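Beneath this line is the structure, given in C-alpha cells, with notes to follow.
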Amino acid sequence: MKPAHSLSLLASFALAVAACGGSPEPAPAVPDVPAQPAPETPAAPAPTAPEAAANPEGGSAAPAAAAPVTVEVPIEARTNSKLKGSATFAEVDGGVKVTVNVSGAPKGKIAVHVHETGDCSAPDAKSAGAHYNPDNHPHGLPDASARHLGDLGNIEVKADGTGTHEIVAKGASLKQGAPNSFLGRAIIVHEKQDDGSQPAGNAGGRIGCGVIGQSK
Ligand code: CU
Ligand code: ZN
Numbered sequence: 005m006k007p008a009h010s011l012s013l014l015a016s017f018a019l020a021v022a023a024c025g026g027s028p029e030p031a032p033a034v035p036d037v038p039a040q041p042a043p044e045t046p047a048a049p050a051p052t053a054p055e056a057a058a059n060p061e062g063g064s065a066a067p068a069a070a071a072p073v074t075v076e077v078p079i080e081a082r083t084n085s086k087l088k089g090s091a092t093f094a095e096v097d098g099g100v101k102v103t104v105n106v107s108g109a110p111k112g113k114i115a116v117h118v119h120e121t122g123d124c125s126a127p128d129a130k131s132a133g134a135h136y137n138p139d140n141h142p143h144g145l146p147d148a149s150a151r152h153l154g155d156l157g158n159i160e161v162k163a164d165g166t167g168t169h170e171i172v173a174k175g176a177s178l179k180q181g182a183p184n185s186f187l188g189r190a191i192i193v194h195e196k197q198d199d200g201s202q203p204a205g206n207a208g209g210r211i212g213c214g215v216i217g218q219s220k
C-alpha cells in the first residue's frame with residue numbers, strides 16, 4: 005500500500021512538475037518558433053503591397069468594368085395614373101439597351117422617353133424637363149436619322165394594360181458624367197403615342213416617371 009501511495013504521490017509530483025515545467029518549456033517549444041517566423045513571412049508580403057497598389061493603377065480597366073453596366077429603374081405613377089412599371093438600362097455595343105415593362109397602362113401605343121432631368125418629384129413629372137437632347141437634334145421616332153438621344157419610341161400596350169418595349173438607344177451610355185449618359189436622367193412614360201412630330205411627339209401627359217441610376 006505504501007508503495008502504491010508513494011507511487012501516486014510520485015505520479016502527482018511528476019505531473020505537477022511536468023505541469024510547472026511544462027509551462028516554461030513550451031516557450032522554447034519548437035513549434036512556437038516556426039510559428040513566429042511564419043507570421044514574419046506574411047509580413048514580408050507587405051512589400052508586395054506596393055506592387056498591388058501599382059496594379060490597381062494599371063488595372064484602371066478593371067474600375068471601368070466596375071462602372072454601372074446595368075441599371076434597374078422603378079417607374080412610378082404620375083398625373084393620377086394607375087401605371088406601374090420598371091425599366092432596365094444595360095450598356096451594349098454602341099449604345100444602351102432599354103427594356104421597359106408597364107402595367108395599368110392605357111391600351112395602344114404610348115410614348116417612352118429619357119428626359120433630361122432626374123427629378124420625378126412633380127405630380128405631373130414636369131420636373132423631369134424636356135427630352136434628353138445633348139446633340140441638339142430635332143425630335144424623332146427611333147428609326148429617324150436624327151432624333152433626341154432620349155427618344156425611345158412607343159410601348160405597345162395590350163388590352164390587359166401590360167406592355168413591354170425593348171430598344172437600343174444608339175449613341176447613349178451609362179458612364180457617369182459622360183456627355184451622352186442616361187445616368188441621372190429620367191425615364192418618362194406618356195399617356196399617348198409619340199407620333200414623331202415636333203417638338204416632342206405630341207404624346208400628352210406624363211403618367212410614369214423613374215430616375216435613372218438614382219440608387220445604384
Ligand atoms: Cu417624354
Ligand atoms: Zn424627343
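Okay, so the sequence shown: first residue is 5 according to the numbering used here, each after it adds one. Backbone N, C-alpha and C define an ideal beta-carbon position, used for all residues, glycine too. Predicted, not measured: the structure shown is a model, and the values here were computed from it.
Which residues DSSP lists as bridging residue i, in chain order
i, result
"K174", "G99"
"V215", "A190"
"T155", "A quick correction: the sequence has Asp, not Thr, at residue 155. Per DSSP, H117."
"P78", "S90"
"H169", "V104"
"E160", "K113, T168"
"S185", "S177"
Assigned exposure category for residue i - 16 Cβ within 10 Å defines buried
i, result
"P203", "exposed"
"S177", "buried"
"V161", "buried"
"S149", "exposed"
"K174", "exposed"
"D36", "Low local confidence applies: a pLDDT of 43 at D36 is under 50, so the model's placement there is unreliable, with the coordinate-based value given in what follows. Classification for D36: exposed."
"G98", "exposed"
"G205", "buried"
"G157", "buried"
Coarse secondary structure for residue i, derived from DSSP in three states
i, result
"K88", "strand"
"S131", "helix"
"S107", "strand"
"S201", "coil"
"S27", "Note on S27: pLDDT 40, under 50, position unreliable in the model; the coordinate value appears next. In this structure, S27 counts as coil in the three-state DSSP scheme."
Neighbourhood of residue i by C-beta, 8 Å cutoff - its chain only, sequence neighbours within 5 removed
i, result
"E170", "K101, V102, T103, V104"
"G200", "H143, G144, L145, A148"
"V96", "V172"
C-beta atoms of residue i and residue j nearer than 7 Å
i, j, result
"G122", "A190", "yes"
"H135", "H117", "yes"
"G165", "S107", "yes"
"A129", "D198", "no"
"G209", "E195", "yes"
Own chain residues within Cβ distance below 7 Å of residue i, not counting five before or after
i, result
"G217", "P72, V75, L187, G188"
"A91", "V77, I79, V102, T103, V104, I191, G214"
"S125", "S131"
"G133", "H119, E120, T121"
"S185", "S177, L178, K179"
"P183", "P138"
Sequence-distant residues of the same chain with beta carbon closer than 6 Å to residue i, five excluded per side
i, result
"S85", "I211"
"N137", "H152"
"T168", "N105"
"K88", "S107, G108"
"A163", "K111"
"A48", "Only weak support exists for where A48 lies, its pLDDT of 38 falling under 50; the value from the coordinates is given anyway. Result list for A48: empty, nothing under 6 Å."
Proximity test, Cβ basis, 7 Å: residue i and chain B
i, result
"E95", "Absent here is chain B; the protein component of the structure consists of one chain."
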